[in-house]
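**Student:**
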């Protein structure tokens, strides 16, 4: 009988110890997730170019023809010029673009698309004195270089609207069309 009580007591002690250690593990993991949430940068018009991070792939659409920009070729220069274009951004436009609008842009204009293999998220704060924040969640950014919308950066699939105005695309078009 004493043996059975000892075994039961030992089992209960092990269960209790395991339960406490799993609680400790859970509590140790939470600060990391809170840190990563706080590390997410808030973007304003003053640092709008920070929304444009290094993509996994850049695709150039030239009136319907598609070219993937080689990372060893013009990639870094295109990224730099695009960030420079974004340095004058002042606002998030209230325009909405459908998938058919995007396809029409790619078919009829010069467009670059930044493609990200993982979703990117960021917060846009319109006014540093306001608490109102727009949420961007995207895996692609469309930059029309010609046509009616050539001063916009369109974030897909989810954003409050395109960033406006982007700077002139002339230098970027010149780099893209060099042989």
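In this note's numbering, the protein residues as written are 24 to 202. Yeah, the Cβ is synthetic: ideal placement off N, Cα and C, and Gly gets one too.
(1) What residue does the beta strand (DSSP E) around residue 90 start on, and which one ends it?
(2) Using a 10 Å radius around the Cβ and a threshold of 16 neighbouring Cβ atoms, would you call residue 166 buried or exposed?
(3) Relative to the C-alpha of residue 188, which residue among 195, 155 and 115 is closest?
(4) Going by the beta-carbon positions, is the gap between residue 84 and residue 134 smaller than 8 angstroms?
(5) Can you tell me whether DSSP reads residue 143 as helix, strand or coil?
(6) Reducing DSSP to helix, strand and coil, say where residue 131 ends up.
(7) With residue 100 as the anchor, note down where its alpha helix (DSSP H) starts and where it stops.
(8) Report the option in 177, 168 and 113 whose CA atom is closest to the CA atom of residue 197.
(9) Alpha carbon to alpha carbon, how far is residue 109 from residue 73? Give it in angstroms, no decimals.
(10) Ignore the nearest five residues each way along the sequence and tell me which others in residue 82's own chain have a CB closer than 8 angstroms to its CB.
(11) Within 10 Å of its beta-carbon, does residue 193 have 16 or more other beta-carbons around it, so buried, or fewer, so exposed?
(12) Quick one: is residue 175 buried, meaning 16 or more other Cβ sit within 10 Å of its Cβ, or exposed?
(13) Is the CB-CB distance between residue 195 and residue 104 below 8 angstroms?
(14) Taking C-beta to C-beta, are residue 66 and residue 147 nearer than 8 angstroms?
(15) In this structure, how does DSSP classify residue 187 when only helix, strand and coil are distinguished?
**Tutor:** Short version:
(1) 88 to 91
(2) buried
(3) 115
(4) yes
(5) strand
(6) helix
(7) 98 to 109
(8) 168
(9) 9 angstroms
(10) 89, 90, 91, 92, 135, 136 and 138
(11) exposed
(12) buried
(13) yes
(14) yes
(15) strand
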